[in-house]
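A short write-up of the structure that comes next.
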Amino acid sequence: EVIRNNEVVCLAVIRHEPAHWTDRKRVWFLSGEDAVEARYRDQRGIKISITHTGQYAFWTASSVFNLVASTIVYLGMPLLVANLILLHCCGKPSEVYQKAQREPVNLVVK
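One gets the working numbering by counting positions in the sequence shown from 1 and adding 13 to each.
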């Protein structure tokens, strides 16, 4: 574990599997003037593989503020808030806006 500011930042998990022994047979043929010579080698060992996955992230106050502000803007909250203020919080002009909003409009020209 890697700890920063009393929080766990990184956690490493190490697992083992049954040993995978590898065999490798190699043959070299060397030719000289009069004869051909062969050399044999048997190599054995353990196969080791390393894999890694994960992600690294942490929250800051500015990133949370940016997320909330972006969400509000994308959801159209400014228009909704302006509409509510104009329709309910402006006294006499609000009555005019409410009547204008409820009045049917005929856009078909005869």
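Heads up, the beta-carbon is just placed ideally off N, CA and C, and yes, glycines get one too.
As the structure is a computational prediction, the values presented were derived from the model and not from experiment.
Quiz item: What's the gap between the Cα of GLN111 and the Cα of VAL86?
Solution: 25 Å
Self-check item: Which listed residue (VAL118, ILE59, ALA70) has its alpha carbon closest to that of PRO31
Solution: ILE59
Self-check item: Where VAL77 sits in the DSSP three-state scheme
Solution: helix
Exercise. Tell whether a beta-carbon distance below 8 Å holds between ARG52 and TRP34.
Key: no
Quiz item: Between the C-alpha atoms of PRO91 and ILE63, what's the straight-line distance to the nearest angstrom?
Solution: 51 Å
Practice problem: Mind listing, in chain order, the continuous alpha helix (DSSP H) runs of no fewer than 4 residues lying wholly within the stretch 42–71? | Solution: none
Quiz item: For ALA25, which of GLN68, GLU108, ASN79 has the nearest alpha-carbon?
Solution: GLN68
Exercise. Indicate the three-state DSSP secondary structure (helix, strand or coil) for VAL26 in the structure shown.
Key: coil
Quiz item: What is the rounded straight-line gap between the Cα of PHE78 and the Cα of TRP72?
Solution: 10 Å
Quiz prompt | Where the alpha helix (DSSP H) containing PRO106 begins and where it ends | solution = 105–115
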